[in-house]
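Trainee:
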Ligand code: GLN
């Protein structure tokens, strides 16, 4: 039984309601999973795991509410994790950056809690009873696609591993009880015994969870050693697979099973890409639908809070709760007035039930996707798309068709390949410009951890040569420079410099304005296609499987250069440029046993109800 897949929000809520487990037991299980993942396996999914005493208090409160049938929502008592760039008042808000105190574990000067909640955290954790398990690892400020832009204070890499290869070896089943294979219930037929087994797994002693992680670790090592002895590469054991980025920790925590859902952020694909690589559902809602209040800004006109979950239903359930509905209540100035209230999860379920009950009657059943038009844009059929991804793309299109959707090819007149090819450069120009402006506040005076410029001159902080090279700097400028050089990692520095450059007077028209124009044209094309021709667009989420990240003899990791990293975002940035909602669903890839590909559905702005309904149906077809 694959526990991490089966323990969805709805299943967990049912286990809690039926009394098979308490929130205290479920939270202890998740806390033990998180700790075992970090300590035994070095998963690096979390920046901070909330201490058990704190979690336990919240879980007991939830159990108490349940006892009096006073639960706050379906999330009451359910452990979730939050990306480190979304504020939770009791924890530091670091966005994975040294400049905001990430990695500062010094007892005397530990980075303080940020003192306020992001809107999304306030809703999910304070108002709806979700249990905050911890903040998750990320590429610094959300800049990255591989989870590699994160370091320990000593400079060594701190990469999040992709949990899927490890999960093949992790057996959390209760070993003392042998199950008869025959009585394993068929999929989608949730019997009580299924729930009982899950409950047994959840309530097992934490020592057993650690032991099982140890065992899995050993068998993974053995497998890797066997593989490397049969291969020519010397360093083959010292590698792992990327969990994607930048919400790598969020994806790893949900895929591993230590949290049941995670909030991430998606500026250009940071929820969808890690979701695809970790076999999860990743939703980037319409720009402005979920409040950005309390999110550390990267590129404000792109930033969205996204949801990483085990199923479309889990993601819809969270979206229901988090979508902003009240203009007076919102503290996000880019809030989208949502008008009619939608209930994404209920719509999805109602549709599915309708289709299954009608099939029992003998009349021709109405297909679940009847009336939905799905567009396949020829412009996305780029030559870099490998055959196996192309195959899964056309399989997904066929499935949609079989289920009643009208699948239409979108010609290159409607969405032009030229624009899609330039979308990536336009994206990187625009986000760098916005980042350089957003990050200018971190100067050590207004915000950010100040460096000791004098101490730096003594050579304690790296790159003192720069100071010597610029002897004209005033003491104040030297202070700024020392703070920012000490606080920002390489990728962030590169983006800030790029951004400053494209905003400079000689490049503003040729770069920034040109990129803004591409964005406007691309948005126009998407809007017009989604307005008149189709309801949804279907494209792959990413063109490759998770990248292997190998360790060299200097104990450093070999990762691709930034331009290769940028190529991972080709499929995700168009929806971001246009502010459209997009959901990535895991899809099997022919011949691939460990990882999944991702299929992305994109809908019109604020078209989340059609999007999630169709995504749920596609997901069901894939599972069955
Ligand atoms: N990889 C993209 C970037 O580095 C996307 C990041 C994101 O969505 N936060 O900008």
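Numbering (our numbering), first residue to last: 410 to 1033.
Each residue gets a CB set at the ideal place from its N, CA and C atoms; glycine is no exception.
Small disclaimer: the values here were computed from a predicted structure and weren't measured.
Does the Cβ of residue 559 have 16 or more other Cβ atoms within 10 Å, making it buried, or fewer, making it exposed?
Mentor: It is buried - the Cβ of residue 559 has at least 16 other Cβ atoms within 10 Å.
Trainee: Just the C-alpha distance for residue 921 and residue 743, rounded to the nearest angstrom, thanks.
Mentor: About 22 Å.
Trainee: Identify the continuous beta strand (DSSP E) that holds residue 1009 and give its terminal residues.
Mentor: 1005-1012 is the span of the beta strand (DSSP E), which, as asked, contains residue 1009.
Trainee: Looking only at C-alpha atoms, which of 782, 793 and 543 sits nearest to residue 1010?
Mentor: The option with the nearest alpha carbon to residue 1010 is 782.
Trainee: So is residue 792 buried or exposed if we call it buried at 16+ other beta carbons inside 10 Å?
Mentor: Per the 10 Å Cβ criterion, exposed.
Trainee: Output yes if chain B places a C-beta closer than 8 Å to the C-beta of residue 421; else output no.
Mentor: Considering every chain present, this structure includes no chain B. It has just one protein chain.
Trainee: Hey, how far is the Cα of residue 810 from the Cα of residue 685?
Mentor: When rounded, the distance between both Cα atoms is 23 Å.
Trainee: Determine the contact status of residue 653 and residue 683, defining contact as a CB-CB distance below 8 Å.
Mentor: Yes, Cβ-Cβ distance for residue 653 and residue 683 is below 8 Å.
Trainee: In chain order, what are the residue ranges of uninterrupted beta strand (DSSP E) at least 3 long that sit wholly in the region 768-837?
Mentor: Segments of the beta strand (DSSP E) lying fully in the region 768-837: 782-786 and 815-819.
Trainee: What's the call for residue 929, buried or exposed, on a 16-neighbour Cβ count within 10 Å?
Mentor: Flag for residue 929 reads exposed.
Trainee: For the beta strand (DSSP E) holding residue 455, just list the boundary residues, first then last.
Mentor: Residues 455-458.
Trainee: Is the region 521-529 touching the region 566-577, taking contact as three or more C-beta pairs under 8 Å?
Mentor: With a cut-off of 8 Å, the region 566-577 and the region 521-529 do not count as touching, because too few Cβ pairs lie within range.
Trainee: Could you tell me which residues DSSP puts in a beta bridge with residue 541?
Mentor: Residue 541 is bridged to 489.
Trainee: Near residue 577, what residues of its chain come up, given a Cβ to Cβ distance below 7 Å and the 5 sequence neighbours on each side ignored?
Mentor: Counting only Cβ-Cβ distances below 7 Å, and skipping sequence neighbours, we find 1003.
Trainee: If you draw a straight line from the C-alpha of residue 820 to the C-alpha of residue 933, how long is it?
Mentor: Going from the Cα of residue 820 to the Cα of residue 933 covers about 15 Å.
Trainee: Please give the ranges of any alpha helix (DSSP H) in the region 649-677, keeping only runs that are unbroken, at least 4 residues long and fully inside the region.
Mentor: For the region 649-677, whole alpha helix (DSSP H) runs of length 4 or above, ordered along the chain, are 657-665.
Trainee: In angstroms, rounded to a whole number, what distance separates the CA positions of residue 431 and residue 573?
Mentor: Approximately 28 Å, taken between the alpha carbons.
Trainee: Look at the Cβ atom of residue 671, then the Cβ atom of residue 551, and state whether they are nearer than 8 Å.
Mentor: No.
Trainee: Check whether the Cβ of residue 851 lies closer than 7 Å to any heavy atom of the ligand GLN, and answer yes or no.
Mentor: Flag unset: Cβ of residue 851 not near the ligand GLN.
Trainee: Assuming residue 533 and residue 731 form a contact by the criterion Cβ under 8 Å, report the distance between their Cβ atoms to the nearest whole angstrom.
Mentor: Confirmed, Cβ separation roughly 7 Å.
Trainee: With DSSP as the reference, identify every bridge partner of residue 1035, one or two as the case may be.
Mentor: For residue 1035 there is no data in the structure shown, the boundaries of the chain being 410 and 1033.
Trainee: In the DSSP output, which residue or residues are listed as bridge partners for residue 949?
Mentor: Residue 949 is bridged to 1008.
Trainee: Taking only the alpha-carbon atoms, compute the straight-line gap between residue 1033 and residue 442 and give it to the nearest angstrom.
Mentor: Each residue's alpha carbon lies about 29 Å from the other.
Trainee: So residue 838 packs on residue 924, CB below 8 Å; how close in whole Å?
Mentor: The Cβ separation is near 4 Å, so the contact holds.
Trainee: The alpha helix (DSSP H) that contains residue 573, what's its start and end?
Mentor: Counting along the chain, the alpha helix (DSSP H) containing residue 573 begins and ends at 573-576.
Trainee: So, is residue 883 buried or exposed, given that buried needs 16 or more other C-beta atoms within 10 angstroms?
Mentor: Classification of residue 883: exposed, given that the 10 Å Cβ count is below 16.
Trainee: Hey, residue 433 and residue 481: beta-carbon distance below 8 Å or not?
Mentor: Cβ atoms of residue 433 and residue 481: not closer than 8 Å.
Trainee: Roughly how many whole angstroms lie between the Cα atoms of residue 509 and residue 859?
Mentor: When rounded, the distance between both Cα atoms is 10 Å.
Trainee: Can you give me the C-alpha to C-alpha distance between residue 852 and residue 476, rounded to a whole angstrom?
Mentor: Rounded to the nearest angstrom, the two C-alpha atoms are 50 Å apart.
Trainee: Using 8 Å for Cβ pairs, my map puts residue 812 next to residue 979. What's the rounded Cβ distance?
Mentor: No, residue 812 and residue 979 are not in contact; Cβ-Cβ is about 28 Å, not under 8 Å.
Trainee: Select from 636, 427, 612 and 673 the residue whose C-alpha is nearest the C-alpha of residue 543.
Mentor: When only C-alpha atoms are compared, the closest one is 673.
Trainee: What first and last residue would you give for the alpha helix (DSSP H) that runs through residue 732?
Mentor: Run containing residue 732: none; DSSP gives neither H nor E here.
Trainee: Flag this pair as yes or no: are the beta carbons of residue 546 and residue 512 separated by less than 8 Å?
Mentor: In this structure, residue 512 does not lie closer than 8 Å to residue 546 by Cβ.
Trainee: Following a CB-centred definition, is residue 846 positioned closer than 7 Å to any heavy atom of the ligand GLN?
Mentor: Answer for residue 846: no, Cβ out of range of the ligand GLN.
Trainee: On the DSSP bridge list, what partners appear for residue 560?
Mentor: Answer is 566.
Trainee: Check each candidate in 603, 950 and 1017 and name the one with the smallest Cα separation from residue 677.
Mentor: Cα-wise, what sits closest to residue 677 is 950.
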